[in-house]
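The opening residue of the sequence shown carries number 5 in our numbering; numbering runs sequentially from there. Every residue, glycine too, gets a C-beta built ideally from N, C-alpha and C. Each remark here refers to the structure printed beneath this line.
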Amino acid sequence: MANRTLGVIGGTGWLGRAIVEALLEQHLLKPDDVLISNRSGTSTFGPDVRLLADNQQLVDLSNVVVLSIRPEQFRTLQINASGKVVISLMAGVTATDIRAASGAAVVVRAMPNAAVEIRQSFTPWYSAGPLDERDRAWVQRLFECVGTASEVPDEDCIDYLSALSGTGPAFPAMLQLALTNQAVAAGIPLAIAQQAARGAVVGGGQMLARHDPQQLIESLMAYRGVTAAALQSMADENIEAVIGRAVAAGAAVARRGM
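Pasting the structure below:
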């Protein structure tokens, strides 16, 4: 992948588009080294980013191909990527299935999340096939364009993390909605409840960028006041088990395929 040309199938969807925008902004690739294809045949990228209607033509002109499509769309995708590196952003589609369907020499499975929009995604990735150190560093840099990234030791990690980090803002959104609804049930006006819940989730989340979560919990518990009572109630209800079951349910879907 010394002189890389990147083709993104589904390059105008929210995920593919965010990645292309980021890698161009950070000059990882030049616009004329990027090709995209989509079902609509329209693009808002500049003229130097080539838009193709034919997926096979995109593959033929690229040495790295990104599949930024839904898993159900993969069933009808017919491409010959023999000798290419294929990077899949799909949950629940194994590297073995991708290689069998496309003939790819190397399949990289990665799982960004919706925070690519604000360049705050955590992206785990796994390479099924040999990548030299230079190519491995390039893949890492590709995903660092939209946040942080780590190579994981096996493909099962991707399936599990599809239901953890891959959910992006879903878990915080559910927590914020639950806090809002419970406050309203307790008699707090809706607008105030929404503002308070957002402050707890968004503001609190930003603090975690600077504090270790266990130390933060321990320091708040030490006051033995309102926060300690709330945290103890969650611990008594075994909140970790509830979260564990939720992530395991999502991971089970990823492992059996979608």
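If you draw a straight line from the C-alpha of residue i to the C-alpha of residue j, how long is it?
i    : j    : result
G107 : A85  : 5 Å
H215 : D158 : 29 Å
A140 : M238 : First, the residue type needs correcting, since residue 140 is Arg and not Ala in the sequence shown. Their backbone Cα atoms lie some 42 Å apart in a straight line.
K88  : A99  : 14 Å
I192 : L181 : 14 Å
D52  : V111 : 27 Å
G261 : V97  : 6 Å
G208 : E155 : 28 Å
N59  : A197 : 48 Å
I83  : G20  : 18 Å
I23  : V251 : 26 Å
D37  : N67  : 10 Å
Q61  : L10  : 12 Å
D160 : A245 : 21 Å
E25  : L146 : 11 Å
Q210 : P35  : 34 Å
V206 : P217 : 15 Å
Q219 : W129 : 29 Å
Report, in whole angstroms, the separation of the C-beta atoms of residue i and residue j, which I expect to be a contact under 8 Å.
i    : j    : result
V12  : V90  : Incorrect: roughly 11 Å between the Cβ atoms, too far for contact.
L235 : I221 : 6 Å
L27  : L33  : 5 Å
P75  : A119 : About 21 Å separates the two Cβ atoms, so there is no contact after all.
L165 : M115 : 6 Å
V188 : L179 : Not confirmed; about 15 Å, so no contact.
S72  : L56  : Between L56 and S72 the Cβ distance is about 14 Å, and since that is not below 8 Å, they are no contact.
A105 : G170 : That belief does not hold up - the Cβ atoms of A105 and G170 are roughly 22 Å apart, past 8 Å.
With a CB to CB cut of under 7 Å and the five nearest residues on each side skipped, what residues in its chain are close to residue i?
i    : result
A204 : L183
R259 : D163
E225 : Correcting the residue type first, residue 225 is Met in the shown sequence and not Glu. Here the set comprises A232 and L235.
Leaving out five residues before and five after residue i in sequence, what residues of the same chain have Cβ atoms less than 6 Å from its Cβ?
i    : result
G254 : A167
Q4   : Residue 4 is absent from the model: the chain starts at 5 and stops at 262.
A201 : Q180, L183 and T184
Excluding the five sequence neighbours on either side, which residues of its own chain have a C-beta within less than 8 Å of the C-beta of residue i, listed in chain order?
i   : result
G50 : P35
> Touching or not, the segment 110-130 and the segment 151-167, by the rule of three or more beta carbon pairs under 8 Å?
Replying inline: yes
>> Check whether the segment 228-238 and the segment 42-51 are in contact - that is, three or more C-beta pairs closer than 8 Å.
In response: Touching, no, given that fewer than three Cβ pairs across the two stretches are closer than 8 Å.
>> Threshold first: 4 residues or longer. Then list the alpha helix (DSSP H) segments lying entirely within the segment 165-233, N to C.
In response: 174-189, 194-202, 208-211 and 217-225
> At which residue ranges does the segment 44-125 contain complete beta strand (DSSP E) runs of 3 or more residues, listed in the order of the chain?
Replying inline: 54-56, 68-71, 89-92 and 110-114
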